[in-house]
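Step one of this worksheet: look at the structure below.
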Amino acid sequence: MIVLWRKTFSPNRLSWPVQNHFFVLNSFHLCRMKTILVLTDFSPAAEHATAYAAQLAKVVQASVRLLHVYQLPVAMSDMPVLMVSAEDLKKSADAGLRRAKEAAERLHPETVFEMESRLGDVVEEAEDVSKQKDVFALVAGTKSMSGVERFLFGSTAQALVKKCSHPVIVVPENAELNAPKNIALAVDFVNPGEVPAAKILAAIQALRASLQVVHVETENEQAGDPSSLLNALHLAPSAYRILKEENVAQGLKHFAELNKIDLVTVLPHKHNLLERLFFKGYTNEILHELSVPVMTLHGSSE
């Protein structure tokens with residue numbers, strides 16, 4: 001079941017308290033949105049994600065930083081391993097980054113690109129860079145995969161979403177290369193205090209996009225009252241709609257297609273939609289079936 005409230009943000013139409021709230025967001029939050037971090041493995045999917053990040057950078061006035069994280073090969077029993085030094089891996093990573101950066105600069109000359117390579121765990125290094133660079137969002141690309149590849153990617157995506165405190169945007173290989181204008185916020189009816197309202201409003205305003213709030217409900221659940229959630233987001237509902245759906249991922253897919261959504265946002269709080277997606281087996285389905293990017297936002301207390 002889908003509960004919908006649509007609101008296009010227009011500060012000129014808002015009352016003074018909310019206008020003042022937007023002024024605070026502009027002066028405090030937006031001044032920190034300076035870098036978009038792209039996780040790259042030099043694949044076509046990563047190139048596509050880089051191009052998408054360049055479009056975001058134009059709107060939020062940010063630079064794009066390409067990050068490649070590499071690991072030392074681990075020897076398995078009875079399996080010969082070609083030993084490569086950390087220095088050689090570093091040289092190879094930097095060479096790949098230079099090629100990726102030069103290609104991106106040719107395609108997007110108006111965007112400032114930076115690059116960085118690190119040895120370590122992808123999630124840990126991405127989170128560390130994000131904290132140092134005041135990152136607006138992490139961007140990662142995906143492609144159509146086999147069952148085994150989906151399982152491996154699902155583990156990485158789950159770790160990124162759960163452990164990275166900054167927004168993570170997963171970009172499908174067939175996603176259109178446009179900055180989002182119509183954003184769907186997919187949530188459960190959670191405690192309004194857990195909703196990162198300031199982050200949501202700041203992101204929406206930075207992207208100059210409209211927002212729709214969506215609740216997908218399966219057969220064994222009941223619809224809740226959206227009032228507290230909408231109030232937390234400073235929204236006064238003028239439209240309220242309930243639609244029945246049997247599958248969460250399919251519901252979001254249909255909703256995105258029918259309403260021309262170009263970015264789906266989820267909030268990884270305890271017991272909410274994203275956790276249901278992960279622990280009920282919908283993670284790969286939603287990330288690989290949707291043709292639009294998916295962004296996650298954590299609450300301020302997480």
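Residue numbers for the sequence shown follow my numbering, so the first one is 1 and each next one is one higher.
Beta carbons: idealized from backbone N, C-alpha and C, even for Gly.
Quiz item: Starting from V122 and walking both ways along the alpha helix (DSSP H), at which residues does that stretch end?
Solution: V122 -> alpha helix (DSSP H) spans 122-133.
Quiz item: Does the Cβ of E339 have 16 or more other Cβ atoms within 10 Å, making it buried, or fewer, making it exposed?
Solution: The shown model of the chain, from 1 to 302, leaves out residue 339, and the question about it has no answer.
Practice problem: Answer yes or no: do L37 and V135 have a C-beta to C-beta separation smaller than 7 Å? | Solution: The answer is yes: Cβ separation under 7 Å.
Exercise. Note down the Cα distance separating A57 from A100, rounded to an integer number of angstroms.
Key: For A57 and A100, the distance between alpha carbons rounds to 17 Å.
Exercise. Return the chain-ordered list of same chain residues with a C-beta closer than 8 Å to the C-beta of A86, the five sequence neighbours on each side being excluded.
Key: Answer for A86: L72, L119, listed in chain order.
Quiz item: Taking DSSP as the reference, what is the three-state secondary structure of H298?
Solution: Residue state, collapsed to three classes: coil.
Practice problem: Find the nearest neighbour of P113 within the set A62, D88, K90, judged by alpha-carbon distance. | Solution: The amino acid at residue 113 is misidentified as Pro; the sequence shows Phe. Taking only the C-alpha atoms, the option nearest F113 is A62.
Self-check item: Selection from E219, C164, L263, A256 that minimises the alpha carbon distance to A209
Solution: Per the Cα distances, L263.
Practice problem: With I36 as the anchor, note down where its beta strand (DSSP E) starts and where it stops. | Solution: Looking at the DSSP string, the run of the beta strand (DSSP E) that includes I36 is 35-39.
Exercise. Whole angstroms is fine: what's the gap from D88's alpha carbon to D121's?
Key: Approximately 18 Å, taken between the alpha carbons.
Quiz prompt | Spatial neighbours of P167 in its chain, beta-carbon cut-off 6 Å, leaving aside the 5 residues before and after | solution = In chain order, A137, M295, L297 place their CB closer than 6 Å to the CB of P167, counting only its own chain and leaving out the 5 sequence neighbours on each side.
Exercise. Please report the residue range of the beta strand (DSSP E) in which S117 lies.
Key: Counting along the chain, the beta strand (DSSP E) containing S117 begins and ends at 113-119.
Quiz item: Pick from I183, D188, E194: whose alpha carbon is nearest that of Q212?
Solution: Nearest C-alpha to Q212: I183.
Quiz item: Grouping DSSP H, G and I as helix and E and B as strand, with all else coil, what is F23?
Solution: Note that F23 scores a pLDDT of 37, beneath 50, so its modelled location is shaky; the value from the coordinates is reported in the next line. Three-state DSSP puts F23 in a helix.
Practice problem: Grab the span of the beta strand (DSSP E) containing L56 for me, first residue to last. | Solution: Under the DSSP assignment, L56 falls outside any beta strand (DSSP E), being part of the alpha helix (DSSP H) whose first and last residues are 44-60.
Exercise. Go ahead and pull the three-state DSSP assignment for Q205.
Key: Helix, per DSSP.
Exercise. Compute the beta-carbon to beta-carbon distance between V292 and F255, rounded to the nearest angstrom, for a pair I have assumed lies under 8 Å.
Key: With a beta-carbon spacing of about 11 Å, V292 and F255 fall beyond the 8 Å limit used to define contacts.
Quiz item: How many Å lie between A104 and E289 at the Cα?
Solution: In this model, A104 and E289 are separated by some 27 Å (Cα to Cα).
Quiz item: Which of the three DSSP states, helix, strand or coil, is assigned to L290?
Solution: DSSP places L290 in coil when its eight states are reduced to three.
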